[in-house]
Structure formats: structure tokens, C-alpha cells
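Colleague: Here's a structure for you.
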Amino acid sequence: MKILVVDDNNEKVIDVVNVAKEAGVEEAAIEVATTAATAMKALKSSYFDLLIVDLVLPLRLGEGPDSGGGAALLKNIHRSKDMQAPEVILGLTVDPEALQNSQTDFSDHLWSIELAGPNNGEWKLKLQQKIQYLTARENQREGIPLENRVECDVLFVCALASPELEQLHIASGASWEQVTFPSDPILYWKATLEIEGHNVEAFSICLPQMGLVAAATGVSQATRTLSPKIVIMTGICGGRRGDCNLGDVIAANVTWDYGSGKFVQGEEGQVEFQPAPVQLISDATIQRCVTSIITDGQRLNKFYQDCPGYRTSEIPTLHIGPMASGAAVQNHKEFFNGVADQNRKILGVDMEAFGVAWACHQSFEPHPRWLIVKGVSDFADGTKADNVQRFASFMSAKVGLEVMRNLL
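For what it's worth, our numbering labels the leading residue of the sequence shown as 35, then goes sequentially.
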């Protein structure tokens, strides 16, 4: 694999190179250009799998940084017949205004821009994920197979690196090591968890983006690689106001895609949506494990006391009930009123639960059992409480870990 880094900021270049080396790329395979002109020259003479380009970039040697330099390079790559277009292009900037101005130029070609800087480390994880994807593609082309079998008792799935995966790792109290597998594009973390003297091999992943498609495809790939006994998704969700409070935890006993159905034209010309969801019910043993936690208030109290940082004013409640999933973020007060027609007892909504459950349902035998357990961070009605997200992620992770202990 070859990477071209186009950036005139030496500190940022060093950070990028270090991330690439940690992901297994040899330093000799990384080339650096400091202007758009030198980058174009490099792209004419060599093929690069990955291009990482700064947005505020000098066009030529001797010139100052241009706020549109990165976007200009991108346009030249797609217009020129002489340059070899990389398989993946990633914009990287410390300037939020430059990101905003160049967003359309990148998104029109389905490329992404990440915000770097001392207070934002998520770009490093996303870069590692892209490198692992390219490495897996290269291994597949060379015929390198996956390992025959990986020992795995439980796979934890989170939609977001922060706060969800971060809080899962904190809640576990374990040391997680980043691992990869040939021909698998997913970035994994591995830990050995001890349960009453027995070791449990656990893996965790975060999705490359939110949504049903990313959840279903990511978990499908992970279950092929790991063959886990249990798949547990933790994190945050929207809760139904009046039935739960901020910080409460919802374990899904049934989940579905609330956007499944068809649109029809009514008699008066209006468009109507007729839902036709497929509902998946969680394993009865898992439901019993959740119920045992609900009936033991001391365990929730301990999870509450263990939470570092912000905590809600009251000990949260653990609920078990329906959770629906959809492709779009819901942020209006009438949402639950509409989707309640599909299941009047609905408690929560997210963007991934059904995708995770469906991937487990469709996996090779033996199917892993699945648990979706998420903390309420908002009410999907336009109100937001960002300070609750870490707390809700931590509490959901604690419940997920406790269910895992009961099962294993």
C-alpha cells in the first residue's frame, strides 16, 4: 500500500505518518508533498492507494497557504487524464471554516473531510479504519484468507467511538488492545475479561458511520471473522418522554425498522405511509438476565456510583421494551406519536439496533444471541442534553457487561 500525504504543516504530517505506521504501513510507503503542484507531479508518476490532503494548502512552492488549495487539487485529480486517482481520498484540516467551504467539493465525489487538532482525536481512528479497509482489499486481491477460527465469546458493538466505545472500555475496567485480521476491513479491540475465575475473550468495534446499513454490514463481517456467542450493542438512544427519564437504560426485547413499508396515494391525493415492519424478538434467556437486573436495585445503584464524571440527579431505571430503528436522526416532538402505531409500547429509538439484530439473525450457524441495550440521552423531540451522553453510554455498557456475565 502507498500513501501520499499533502500538507505543509510538519507537526500534522508527523501525526499522520505515526497513525499510518501504527496501522501497519511501512514508512517507506508514505510520501509527503507540501504543495498542490508537487502532489500532482507525484500522482502523475505513481499510483497511491490513499491520498490525505490538507485543505489550506499552498498551490506552488514559494506561495502562502490557500484556503481552497486542497479542493483545487481534488478538482484537478478528477479532471486530469494524466494523474492516477487514488482509491480513497481523505481531507484533513484544523480549520473549521475551510472544512465548511470545501465540504461540497469532497462530498460530490463521496470523499470525506475530518477535523484534526489537539482537541479532536477521532480523525486518527477514522484514518486507521480507512487504512485497514485498504489493507483488507489488498490482502483479498493477493488471496490471503482470514484466519480459520478466532476465539471469541462476546462481540461488543458501538455506533460511535466517543462517547460509546470509550465508555464501554472504561466500564469494563479491562485493557483493550487494537487488533486487525487479514482480508477483514474492520478495526477491532480485544480484551480478556475475568468472570469468577474464568477468562472471557471479548472483542469490540465501532461502526465507520451511524445507521442501519453500516450496522448490518459491519456486524455481518465481524460475525464471520469471530463467530461470537453473543453480540451486545451499547450506547445511546432517544427515549419516549413520560415513559423514561434521561440516563435511563433500555434493553430491547423487540426491534424493527420503522421506515419499512410503502408510500401510497390516498383517495384525496395525499401521500400516506403504510408500515410493514419485520420485528425481531430477543432471546428469552437474555430477557431473563435483563429482568434479573431490574429486580435487583442494588446492581443499578452500584453502576450509578461507579460512573466517573457527570451523573444524573437520580439513579436511573432499567427498562425492557420495544426499540425501533430508522435511517435518519429523529428530532421532533411528534415522532413517537407517529411510530407508536407500529408498537404502542415503544420505549426507544436509534439508528442501528435492527441492523445489528438482523445481521445476527442472518449469520451462519450457530447464530449469536443479541442484546441491544442503550442509555437515554434525549427524547427525540428537539431537546438535547449532551452532558448525559457519556453517563448514558457508561450505564448501558455496565448493563451489557452484567448480562454477559450472567450468560457466560
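Positions of the beta carbon are idealized from the N, C-alpha and C atoms, including for glycine.
Please determine, among ASP340, PHE398 and VAL410, the residue with the shortest C-alpha to C-alpha distance to ASP384.
Modeller: Of the candidates ASP340, PHE398 and VAL410, the one whose C-alpha sits nearest the C-alpha of ASP384 is VAL410.
Colleague: Hey, is the stretch 212-220 in contact with the stretch 349-358, meaning 3+ C-beta pairs nearer than 8 Å?
Modeller: No: fewer than three Cβ pairs fall under 8 Å.
Colleague: Compare the beta carbon distance of ILE220 and GLN174 with 9 Å and say whether it is the shorter of the two.
Modeller: For ILE220 and GLN174, no; Cβs fall outside 9 Å.
Colleague: Which residue from ASN52, PRO130 and ASP41 puts its Cα closest to that of ALA70?
Modeller: Nearest of ASN52, PRO130 and ASP41 to ALA70, Cα basis: ASP41.
Colleague: State whether the stretch 188-198 contacts the stretch 254-270, with contact taken as three or more CB pairs (one from each stretch) at a distance under 8 Å.
Modeller: Verdict: yes, contact present.
Colleague: Measure how close the beta-carbons of ASN287 and SER316 come, nearest whole angstrom, since I'm counting them as under 8 Å.
Modeller: With 8 Å as the limit, ASN287 and SER316 qualify as a contact, their Cβ atoms being about 5 Å apart.
Colleague: Have a look at GLU61 and VAL51 and give me their C-alpha separation to the nearest angstrom.
Modeller: Going by the C-alpha atoms only, they are around 7 Å apart.
Colleague: On the three-pair Cβ rule with 8 Å, is the stretch 331-351 touching the stretch 425-436?
Modeller: Yes, since at least three Cβ pairs between the stretch 331-351 and the stretch 425-436 fall closer than 8 Å, the two stretches touch.
Colleague: Tell me which residue opens and which closes the alpha helix (DSSP H) that CYS192 is part of.
Modeller: Premise fails: CYS192 lies in the beta strand (DSSP E), 188-192, not in any alpha helix (DSSP H).
Colleague: Tell me which same chain residues have a C-beta within less than 6 Å of the C-beta of LEU227, skipping the five on either side of it?
Modeller: The answer, listed in chain order, is ALA208, VAL234 and ALA236.
Colleague: Check whether the Cβ atoms of LEU126 and ALA150 sit closer than 9 Å, and answer yes or no.
Modeller: Yes, these two residues count as a Cβ contact at 9 Å.
Colleague: With a threshold of 16 other CB atoms inside 10 Å of the CB of GLN299, please say whether the residue is buried or exposed.
Modeller: Exposed is the call here.
Colleague: So who's on the other strand from TRP404, going by DSSP bridges?
Modeller: Paired residue(s): VAL265.
Colleague: Provide the residue(s) that pair with TYR222 in DSSP beta bridges, ordered along the chain.
Modeller: Its beta-bridge partners are VAL213.
Colleague: Starting from THR251 and walking both ways along the alpha helix (DSSP H), at which residues does that stretch end?
Modeller: Start and end: 246-260.
Colleague: What residue range is occupied by the uninterrupted beta strand (DSSP E) comprising GLN299?
Modeller: Note, GLN299: beta strand (DSSP E), 295-299.
Colleague: Buried or exposed: where does GLY382 fall if 16 or more other Cβ atoms within 10 Å of its Cβ makes it buried?
Modeller: Answer is buried; the Cβ neighbour count reaches 16.
Colleague: Any idea what DSSP makes of ILE239, helix, strand or coil?
Modeller: The answer is strand: DSSP assigns ILE239 an E or B state.
Colleague: Under DSSP, the beta strand (DSSP E) around PRO356 begins and ends at which residues?
Modeller: Per DSSP, PRO356 belongs to the beta strand (DSSP E) from 352-359.
Colleague: Are the stretch 253-260 and the stretch 278-296 touching by the rule of at least three beta carbon pairs closer than 8 Å?
Modeller: Because the criterion of three Cβ pairs below 8 Å is not met, the stretch 253-260 and the stretch 278-296 do not touch.
Colleague: Smallest Cα separation from LEU246: which of ARG275, GLY293 and ASP218?
Modeller: Among ARG275, GLY293 and ASP218, the Cα nearest to that of LEU246 belongs to GLY293.
Colleague: May I ask you to report which of helix, strand or coil DSSP gives THR289?
Modeller: Here THR289 sits in strand by DSSP.
Colleague: What does LEU149 pair with, by DSSP beta-bridge criteria?
Modeller: THR127, per the DSSP bridge assignment.
Colleague: With a threshold of 6 Å on Cβ separation, who are the neighbours of GLY493 within its own chain once the five nearest residues in sequence on each side are excluded?
Modeller: A question about residue 493 goes unanswered here, because the residues of the chain that appear run from 35 up to 442.
Colleague: Would ARG333 pass as a contact of GLU436 if the rule is Cβ separation under 9 Å?
Modeller: It is a contact, given that the beta carbons lie within the stated cut-off.
Colleague: Please state whether the Cβ-Cβ distance between LEU241 and GLU386 is less than 9 Å.
Modeller: Yes; because the gap between Cβ atoms is below 9 Å, this pair is in contact.
Colleague: List the DSSP bridge partners of SER232.
Modeller: Ser is not the amino acid found at residue 232; the sequence shown has His there. According to DSSP, HIS232 bridges with ILE229.
Colleague: So, with DSSP's three-state summary, where would you put VAL40?
Modeller: Reduced to three states, the DSSP call for VAL40 is strand.
Colleague: Per DSSP, which residues does CYS278 bridge with? Please list them.
Modeller: Bridge partners of CYS278: ARG275.
Colleague: Determine the extent of the beta strand (DSSP E) in which GLN308 is found, giving its start and end residues.
Modeller: Start and end: 305-309.
Colleague: Roughly how far, in whole angstroms, is the beta-carbon of GLY281 from the beta-carbon of MET429, given that I think they are within contact range, below 8 Å?
Modeller: Between MET429 and GLY281 the Cβ distance is about 7 Å, and since that is below 8 Å, they are a contact.
Colleague: List the DSSP bridge partners of LEU91.
Modeller: DSSP lists ASP100 as partners of LEU91.
Colleague: Which word fits ALA73, buried or exposed, when buried means at least 16 other C-beta atoms lie within 10 angstroms of its C-beta?
Modeller: By the neighbour-count rule (16 or more Cβ atoms within 10 Å), ALA73 is buried.
Colleague: Does the count of Cβ pairs from the stretch 333-342 and the stretch 392-403 closer than 8 Å reach three?
Modeller: In short, these stretches do not touch, since the Cβ pair count stays below three.
Colleague: Give me, in chain order, the residues of the same chain whose beta-carbon lies closer than 7 Å to that of PHE82; leave out the 5 immediate sequence neighbours on both sides.
Modeller: LYS36, ILE37, LEU38 and PRO120.
Colleague: What are the start and end residues of the beta strand (DSSP E) that includes THR382?
Modeller: Per the sequence presented here, residue 382 reads as Gly, with Thr not at that position. Note, GLY382: beta strand (DSSP E), 382-384.
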